[in-house]
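Everything below concerns the one structure shown next.
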Amino acid sequence: GEIFVDGSCLKRGPPPWHTAGWSVVKMSQDGVLLGWARGSVGRHLPASSSASEHVAALAATTVAGATPAVTAYSDYKGLEGLEARPTHTITYRKAIYSGIRVQSKARAPAGFRILKVQAHLDPEACTDARERFLALGNAAADRIAKSAASATFGGPTPTQLTAWEREAAFLQRYL
Numbered sequence: 001g002e003i004f005v006d007g008s009c010l011k012r013g014p015p016p017w018h019t020a021g022w023s024v025v026k027m028s029q030d031g032v033l034l035g036w037a038r039g040s041v042g043r044h045l046p047a048s049s050s051a052s053e054h055v056a057a058l059a060a061t062t063v064a065g066a067t068p069a070v071t072a073y074s075d076y077k078g079l080e081g082l083e084a085r086p087t088h089t090i091t092y093r094k095a096i097y098s099g100i101r102v103q104s105k106a107r108a109p110a111g112f113r114i115l116k117v118q119a120h121l122d123p124e125a126c127t128d129a130r131e132r133f134l135a136l137g138n139a140a141a142d143r144i145a146k147s148a149a150s151a152t153f154g155g156p157t158p159t160q161l162t163a164w165e166r167e168a169a170f171l172q173r174y175l
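If you're matching positions, the sequence shown starts at 1 in my numbering and goes up one per residue.
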């Protein structure tokens, strides 16, 4: 089958207030949302866009289970062809996401692959059904990943956010 994966990071204030979420989405060929999974990145990784994209890929390999020939579409270039990369390239010791990449590759069922899809494509501007399907699937994965990031605890309170914005505006004005 075909699934869509995406990650999202909400950067509200300084890095300790960032929240990140991921999603895995299944769509029908005519654009009906059939199912989804979502979650937060967790505390052992930075709350960043890259981390959320990598966790989404790991979740996709886990959700795919033993289903053969699954294609996952991602708008993140860094995941394209992850399953086919040589082990020595994904296990580089200085790469922060090497552990997630190794787990993703190990959990991927036979025939699993990750392909790049264009981000933020307007479905109404698409010229054929296939392009529209990819645009709708990516948009749904993006929307659900953002909702996962929004639902993650750890962001600022409204009072903290207002104070930070006020202080940042002051510094920007006078520096």
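Heads up, the beta-carbon is just placed ideally off N, CA and C, and yes, glycines get one too. Note that the coordinates shown come from a computational prediction; the quantities given were computed from them, not determined experimentally.
How about the region 108-128 and the region 154-170: do they share at least three Cβ pairs that are nearer than 8 Å?
Taking 8 Å as the limit for Cβ pairs, the verdict is that the region 154-170 does not touch the region 108-128.
Which word fits residue 93, buried or exposed, when buried means at least 16 other C-beta atoms lie within 10 angstroms of its C-beta?
Exposed, because fewer than 16 other Cβ atoms sit within 10 Å of the Cβ of residue 93.
Should residue 69 be counted as a contact of the ligand FMN given a C-beta to heavy atom distance under 6 Å?
Absence of the ligand FMN from the depicted structure is noted, as is the absence of any ligand whatsoever, leaving it without description.
DSSP three-state label for residue 34, please.
If DSSP states are grouped into helix, strand and coil, residue 34 belongs with the strands.
Report the rounded CA-to-CA distance for residue 150 versus residue 51, giving the unit in angstroms.
So the alpha carbons of these two residues sit roughly 16 Å apart.
Just the C-alpha distance for residue 120 and residue 88, rounded to the nearest angstrom, thanks.
Distance between the alpha carbons of residue 120 and residue 88: 33 Å.
Under 8 Å: do the region 39-48 and the region 67-86 share three or more Cβ pairs, one atom per stretch?
With the cut-off at 8 Å, the region 39-48 and the region 67-86 do not touch.
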